[in-house]
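Chains as they are written, first to last, in my numbering: chain A, 76 to 461; chain B, 292 to 495.
Here you go:
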């Protein structure tokens, strides 16, 4: 009986899912303060499914509470597969009821959480996405890849030297990063499915901080072959190298606009501030970060193009966000090296705790922070595949 | 009309998604979970381009060189020793130069050391020098990579102005990854904001 009921509902939702505007969005019409944590309850599931749902939804600024205090009631049945339901408090009908099969139970729970987040918050799914980061051990660092919540960690390098600034090419199959394995800095391109690597850039002077354009066609990076660390762009093949930033003030931390037309980067002239420049070259303009007086470093442009998150300060770092065209910056939480998730809402960043570096997740509207405790050791420079 | 087109596209799309994710055996209404293929650790096989010392085959463009003292890209008498010379970290150990916080300016107090380094390089023309730029932990890592490189470049330019051939000197930034003092106070930080002088000796 129960199964039949679910089967009546799901085909409708499934085809709605493929349309630009999901049909179920019209079901909910609540005006909500976006900065408010949403109380939810989770019943009927235990073990891994419960812990996945709790973690994922907490990352989205929700908080598990008793059913009578919750705005949304989430329930599930583990029955060879996961059957999940979402209800609004006080409502009689399910907002959705759906069964998940295939993959692991963990993966099914992530899919259920993605559906809940999409339905309540209208955000793009992120719970199946990957992150890359640097892990420090015994004086060397290696690149690791994991699920966004720290599960399924794989060490991508075993060079016993230093690596830094991992960056994904779109699609999540290729990483670019800085390597010191040859006694100089080189930019490597690394196919994470085959393990094949190639040297992408190894000019005289420094070669570091590669970032791939959102269409995958070009790479921006910092090279010092001209005598100052400067911003360069070249084709994905390595050809067509072009210097974009000039002058004696060093450039760092490039990040692409989602349309690939512009690059935001840091210039240190007295203090570090943000610039925006056409990715074809031209005159850079300043991105005003009103209210921030210290160094402005490590920017990351949101995938929806609307905002830039960055690190302010020296030593005591704070994450701040500013409109992409510049303006007054909003201070968020303590931390550094932020990177947006594909939903332009969640951010992964590095938090210093007792002089150890911990990867943490921030829900920007609610400023809710969740450490990724599955990842141990001193880790930094997280990059979200998107 | 448009709507019905969209709907039929979406049904095809749904069918494709189900097909592609390996859910053929389940009832059609089941929500397919994306099938993840986890990255494998790398075998150590690698491919390098034909000219590793120069990076990928890039057509040089006319560049504004006002950004500083550029690196010579032609093969010269120091190319090999810079790439594969034997490291000597002791000889010029005491000539490491130190920097103020968030600064790459060579301080007056460091002049004497750099004069010694210049003399050494001129007296040992077969050797080369690698200047390693380092930072304290109070910058973000990406920022420190640029600052460390700037410090090393400042030393290189200073030596050049003392008459050293700039082709004899390479730079390397470590950002804040190689502190000499792991402490978290000014006493440690001032030791970590430095340029180390590493002599490179030709392999016999």
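Glycine is no exception: its CB is placed at the ideal position from the N, C-alpha and C atoms.
Coil, strand or helix - residue 126 of chain A by DSSP: helix
Any idea which residues DSSP pairs residue 448 of chain B with across the strands? In the DSSP output, where bridge partners are listed per residue, residue 448 of chain B has none listed.
Element boundaries [alpha helix (DSSP H), containing residue 190 of chain A]: It spans 180–196 - the alpha helix (DSSP H) in which residue 190 of chain A sits, taken as one unbroken run.
DSSP three-state call for residue 370 of chain B: helix, strand or coil? helix
Let's test the definition: count the other Cβ atoms within 10 Å of the Cβ of residue 232 of chain B and tell me whether it reaches 16, buried, or not, exposed. Outside the displayed range of chain B (292 to 495) lies residue 232 of chain B, so it cannot be described from this structure.
Report yes or no: is there a C-beta of chain B within less than 8 Å of the C-beta of residue 100 of chain A? For residue 100 of chain A, the pLDDT reaches just 41, beneath the cut-off of 50, and the residue's location in the model is therefore unreliable, leaving the point undetermined.
Can you tell me which of the three DSSP states residue 398 of chain A falls into? strand
Residue 304 of chain A touches chain B at which residues, Cβ-Cβ below 7 Å? 437, 440, 441
Using Cβ-Cβ distances below 8 Å, what residues of the stretch 472–483 of chain B are close to chain A? 475
Looking only at its chain, what residues have a beta carbon closer than 6 Å to the beta carbon of residue 375 of chain A, apart from the 5 residues adjacent to it on each side? Excluding residues up to 5 positions away in sequence, 330, 384, 413, 414, 415 lie with their Cβ nearer than 6 Å to the Cβ of residue 375 of chain A in the same chain.
Of all Cβ atoms in chain A, is any one closer than 8 Å to the Cβ of residue 468 of chain B? yes
Of all the options A:283, A:261, A:240, A:248, which has the alpha carbon lying nearest to the alpha carbon of residue 269 of chain A? A:248
Less than 8 Å between the beta carbons of residue 422 of chain B and residue 455 of chain B, yes or no? no
Using the DSSP secondary-structure output, state which residues sit across from residue 383 of chain A in a beta bridge. A:376, A:397
What distance in whole Å lies between the Cβ atoms of residue 428 of chain B and residue 467 of chain B, which are believed to be in contact at a cut-off of 8 Å? 5 Å
Give me the chain A residues within the contact set of residue 358 of chain B, using Cβ-Cβ distance strictly less than 7 Å, ordered along the chain. 301, 302, 303, 305, 321, 322, 323
Can you find a C-beta in chain B that's less than 8 Å from the C-beta of residue 443 of chain A? no
Nearest to residue 239 of chain B by CA position, among A:195, A:299, A:125, is which residue? The first residue shown for chain B is 292 and the last is 495, placing residue 239 of chain B beyond what the model contains.
Between the alpha carbons of residue 426 of chain A and residue 434 of chain A, how many angstroms are there, rounded? When only Cα atoms are considered, residue 426 of chain A and residue 434 of chain A end up about 6 Å apart.
Roughly how many angstroms separate the alpha carbons of residue 120 of chain A and residue 164 of chain A, rounded to a whole number? 19 Å
Whose Cβ in chain A lies nearer than 7 Å to the Cβ of residue 429 of chain B? 389, 390
Just to confirm the assignment, what range does the beta strand (DSSP E) spanning residue 257 of chain A have? Taken as a continuous stretch (DSSP letters only), residue 257 of chain A belongs to no beta strand (DSSP E), as it is neither H nor E.
Within this structure, are the beta carbons of residue 115 of chain A and residue 146 of chain A separated by less than 8 Å? yes
Does DSSP put residue 114 of chain A in a helix, in a strand, or in coil? strand
Suppose you measure from the CA of residue 458 of chain A to the CA of residue 173 of chain A; what does that come to, to the nearest Å? Rounded to the nearest whole angstrom, the CA to CA distance from residue 458 of chain A to residue 173 of chain A is 32 Å.
Among the candidates A:206, A:439, A:239, whose CA atom is the shortest distance from the CA of residue 227 of chain A? Nearest C-alpha to residue 227 of chain A: A:206.
Buried/exposed call for residue 230 of chain A, threshold 16 Cβ in 10 Å: When all chains shown are included, residue 230 of chain A counts as exposed.
Report, in whole angstroms, the separation of the C-beta atoms of residue 169 of chain A and residue 156 of chain A, which I expect to be a contact under 8 Å. Contact flag wrong, Cβ pair sits at about 17 Å.
Should residue 464 of chain B and residue 301 of chain A be called a contact, given that it needs their Cβ atoms to be closer than 8 Å? no
Would you please verify whether the beta carbon of residue 398 of chain B is less than 8 Å from any beta carbon of chain A? Chain A contact via Cβ: absent.
Please confirm if the stretch 397–412 of chain A is in contact with the stretch 124–138 of chain A, defined as three or more CB-CB distances below 8 Å between the two stretches. no
Name the chain A residues whose beta carbon is nearer than 9 Å to that of residue 362 of chain B? 278, 279, 280, 299, 300, 301, 302
Using the beta-carbon of each residue, which ones in chain B are nearer than 9 Å to residue 29 of chain A? Outside the modelled stretch of chain A, which goes from 76 to 461, sits residue 29 of chain A, for which no answer is possible.
Span separating the alpha-carbon of residue 406 of chain A from that of residue 367 of chain A: 9 Å
What does residue 339 of chain A pair with, by DSSP beta-bridge criteria? According to DSSP, residue 339 of chain A bridges with A:330, A:351.
Tell me which same chain residues have a C-beta within less than 7 Å of the C-beta of residue 378 of chain B, skipping the five on either side of it? Closer than 7 Å at Cβ, skipping near neighbours: 489, 491.
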